[in-house]
Amino acid sequence: MSSQAFSLLHRGVQEAIFKRGWKELHAIQAETIPWIIEGHGHLLISAHTAGGKTEAAFLPIISTLANNPRSSVQALYIGPLVALINDQFERLETLCSDVDVPVHRWHGSASATEKRKLRDSPGGILLITPESLESNFINYGKHLRRIYADLKFIVIDELHSFLSSVRGVHLRSLIARLVAATGCNPRLVGLSATLGDPNHARSFLAPDAPETVKLITGKGDLTLQFGIKAYLHNESKDLGYLPRWHIGDLYNTLEGLTTFQAKEKYPLHSVLQNDPDDSQSVTTDELDDIASHILHRCKDHTNLIFGNAKQSLEVLADRLHAAVKSSGSLQDPFHVHHGSLSKEVREETEAILKSGKPATVLCSSTLEMGIDIGSVWRVMQLDAPWTVASLRQRMGRSGRREGQTARMCVYSRDDSPHKKSSLTDLLFPKLLRAIALAELMFSRWLEPHDGDRFHLSTLVHQILSCLRETGGMSSEALFSILINRGAFRKVSKRMFLGVLSSLGECHFIEQIPTGELILAPEGESVTANRDFYAAFASSEEFIVRHDENEIGKLQSSLVPPIGEDIILGGRRWRVIDVHSTCKTVFVSVSEGGKAPLFRGPGGEIHNRVVDEMHIILSSDSEIPYLDGAAQTLLKSARAMARQSGVLSAGFIVRDNSIQWFPWLGTRGFLTLELQARCSGIATESDILSITYRNTNFQQWQEHLSLIGCGERTALELAKHMKIKTFEKFDETIREELLDETNSRDRLDLASASSIARKTLFHAKSISHS
DNA sequence: GACCTGCTGCGGCATG
């Protein structure tokens, strides 16, 4: 070990490095050590998951603390997951074994003794979640100054998971309050593997001077094996309904697919059909083909299969278990891991992954973040995700070390053409999205973070927290700590006062004669609940139990009746009892079953992704990573797009309606729908197009002209939104304020107006010719 | 048309 950086470290830290048998420091560690030890400013470290980021930050931090011990927490590590904190706790304890720097942890599963010990004699490093830091303000407000008086560093792990999220704004607010309460001036260190524009992360760490944040990035690109395989759902060969010019293309498509499926077919279909209890799932479909493909490729190594919906993962796991059973194999390598499974079930799966035995885990975003699960051979993705960031993050789980190969396969499923197929369906939009996301990922584009949102729900959360912490504050003091010096700088004084009056109206807060604001009965009750610590919303759930074991959870509105079967954790269960009082569903092992529904709020697709779909449709260039079926479907979609006119003009004029493909992301699309609603035009939408009912070409052009000239404000449009509350405390905020935030956060007037002007230009040229 | 994350303090009792 000859590095200059190494010589800067404390002797005890050097000792710990020798004990671990490290021969060299990683490049990012050698670069980080002097920057931290010599006392420069904030820092952002971006490198692969296994690139040694944690050590890069903590080797010099521990050295600094060891040279200057204080009776205050000197370094905070903030992690998004309890499991991650437990992982890192062990690593840091090893690093600190030869120096006198205590390591503490504080989260919901940490013991009361651990927490008391930290409170009684604070010092060294504390690993904590944002919610537990919040609990410090609520329960130990008076002790904050003592516990954190000499705080020097705040390390935020998986920083990308906090950028522009409710949880991230919450965290920023807590850090600002901590600085205000203690007068300390900590240096911030952000760690992340997936950063789009580093400037957003810089602004998160230092909103007033983002340019001062030093960026250290890991080197070394990965070799990548990437492929997209296309499948059709509910295959049908009835083509009599299609326009004549298209039949040839589509026959090619289906011929191609039939051969393709026959070649890949695994004898799963006969097994399922022989099962008398299984009348609901006897049909062979595209999922069986996908299962068979996976089965052949996942016999060895550690693999992850990501999905977008828990339900689809459960169904696929069930098919894979059945396929293993029918193959006569005693070893079933398939496991399920998602947020609705119990901690015990998930920990068991994590242990199998860590053991290094061959295992393939079907998971949602629960395994996206850096829990150490060892090396992943291949990542698969069932259906394209919604964002490039998600595709990138998931791909990064494979081939995590330099020199390794990252392998990823996306299984894309579209509806098979049938008599009632819409034009949108015939463009195979899910395959298009998969290709668009991949193209953007290869071009190193990621969705930008939206730092301009108001986050009024989280502001409400922090107002309540401040009043709980202090017992009462003036509105000026609240404004100063949360807005002027805090995380809600986009909120104006007028909006802030509006939020305060809203809270008064619903009895969350009240004003006492001195002018101070205090919690009113509703506010007292909300903040006394354990559920309060998190700033994000959560729904009521029932626990699913089999004998003494907790299997997982179901949304309370979606609990099936007694006697019905469900699939959970990739296994089949029958509901034998439901206890509403203790919110528990009791189950026994069963043979039948269908996967339960889990309902979420839906996501957001960026303009750039939809634009890329349009570019791919317009182009003739070959996409090398598509399988035969995907190539055939893309060829067919391109021909369909060209001949139907949705590329050039973007619209199709019918007898009494117009179908328009505006090629906009979620916000712009919703803006166009609201424009029509404001004008009293009835519309129907699918994922790519809006159809204007009972509208002739002339009327539609007038409507476009109105959108194009931007006469209606976004606020006017937001007033017509059907759903207006999205986050935890939105219900407490006046409608007019919600309209104002929704107009900023959920609509895109500029893109909608711009595309309306362009389309109107095309429409006029057609009218003239 | 989706996913994920998080979480007290205290009284009472048994044990060493």
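In the working numbering, each number is its position in the first sequence, counted from 1, plus 18.
From the three backbone atoms N, C-alpha and C, an ideal C-beta is built for every residue, glycine too.
Nothing here was measured: the structure is a model prediction, and the numbers come from that model.
Near residue i, which residues of its chain fall below 7 Å by C-beta distance, leaving aside the five closest residues on each side in sequence?
i: SER440; result: ASP704
i: ASP116; result: GLY30, GLU33, ALA34
i: PRO148; result: ILE96, ARG185, HIS188, LEU189, LEU192
i: ALA194; result: ARG503, GLY504, ALA505
i: GLU528; result: GLY522, ILE536, ALA538
i: SER520; result: THR750, ILE751, ARG752, LEU755
i: SER636; result: LEU665
For residue i, which residues in the same chain have their Cβ closer than 8 Å to its Cβ, ignoring the five residues on either side in sequence?
i: SER221; result: PRO228, GLY469
i: PRO294; result: Residue placement at PRO294 is poorly supported in this model, since its pLDDT is 31, which falls under 50; the coordinates still yield a value, given next. Answer for PRO294: no residue qualifies.
i: ALA224; result: GLY59, HIS60, LEU206, THR230, VAL231
i: ALA407; result: HIS178, THR212, GLY214, LEU464, GLU465
i: PHE497; result: LYS511, PHE514
Is the distance from the Cβ of residue i to the Cβ of residue j below 8 Å?
i: VAL562; j: ILE580; result: no
i: LEU733; j: GLU758; result: yes
i: ILE79; j: PHE171; result: yes
i: GLU304; j: LEU250; result: yes
i: ALA770; j: THR713; result: no
i: LEU99; j: MET387; result: yes
i: ASN451; j: MET631; result: Residue 451 is actually Arg in this sequence, not Asn. Cβ distance < 8 Å, so ARG451 and MET631 count as in contact.
i: VAL91; j: LEU144; result: yes
i: ILE751; j: VAL509; result: no
i: GLY392; j: LYS372; result: yes
i: ILE55; j: SER81; result: yes
i: LEU113; j: TRP124; result: no
i: ARG415; j: VAL428; result: no
i: LEU77; j: GLN47; result: yes
i: HIS780; j: GLY698; result: no
i: ALA768; j: GLY726; result: no
i: ASP401; j: SER330; result: yes
Taking all protein chains shown into account, decide if residue i is buried (16 or more other Cβ within 10 angstroms of its Cβ) or exposed.
i: GLY236; result: buried
i: ASP673; result: exposed
i: GLU368; result: buried
i: THR131; result: exposed
i: ALA341; result: buried
i: THR599; result: exposed
i: LYS448; result: buried
i: SER787; result: exposed
i: GLN106; result: buried
i: GLN22; result: exposed
i: SER139; result: exposed
i: HIS721; result: buried
i: ARG730; result: buried
i: GLN480; result: buried
i: HIS624; result: buried
i: ASP175; result: buried
i: HIS597; result: exposed
i: ALA655; result: buried
i: ASP638; result: exposed
i: ASN203; result: exposed
i: ALA553; result: buried
i: LYS782; result: exposed
i: ALA700; result: exposed
Excluding five sequence neighbours on each side, which residues of the same chain lie with their C-beta closer than 6 Å to the C-beta of residue i?
i: HIS467; result: LEU181, SER182, HIS218
i: LEU652; result: none
i: LYS601; result: PHE560
i: LEU482; result: GLY541, THR545
i: SER254; result: Low confidence applies to SER254: its pLDDT is 42, below 50, so where it sits in the model is not reliable enough to give any reading.
i: LEU248; result: Correcting the residue type first, residue 248 is Ala in the shown sequence and not Leu. Same-chain partners within the cutoff: SER430, LEU449, ALA647, ALA648, LEU651.
i: GLN677; result: ILE670, SER707, THR709
i: VAL173; result: ALA75, TYR95, VAL207
i: ASP390; result: ASP105
Problem - Contiguous beta strand (DSSP E) assignments of at least 3 residues, all confined to the region 382-420 - result: 396-400
Exercise for the section: Take every Cβ of the region 555-572, pair it with every Cβ of the region 356-371, and state whether three or more of those distances are shorter than 8 Å. Expected result: yes
Exercise for the section: Taking 8 Å as the threshold, find out whether the region 483-503 comes into contact with the region 529-542 through three or more Cβ pairs. Expected result: yes
Handout entry: Segment contact flag, the region 313-321 with the region 536-552, C-beta cutoff 8 Å, min 3 pairs
Key = Between the region 313-321 and the region 536-552, the count of Cβ pairs shorter than 8 Å is below three; the stretches do not touch.
Handout entry: Three-pair Cβ contact test at 8 Å for the region 128-142 versus the region 451-463
Key = no
Practice task
Only counting runs of 4 or more residues, tell me where the alpha helix (DSSP H) segments fall wholly within the region 481-507, in order along the chain.
Solution key: Listed in chain order, they are 493-496.
Problem - Those runs of the alpha helix (DSSP H) which lie wholly inside the region 137-197 and span at least 4 residues - result: 148-158, 162-166
Problem - Every unbroken beta strand (DSSP E) inside the region 579-656 [3 residues or more] - result: 583-586, 589-597, 602-607
Problem - Contiguous beta strand (DSSP E) assignments of at least 3 residues, all confined to the region 83-135 - result: 91-96, 121-124
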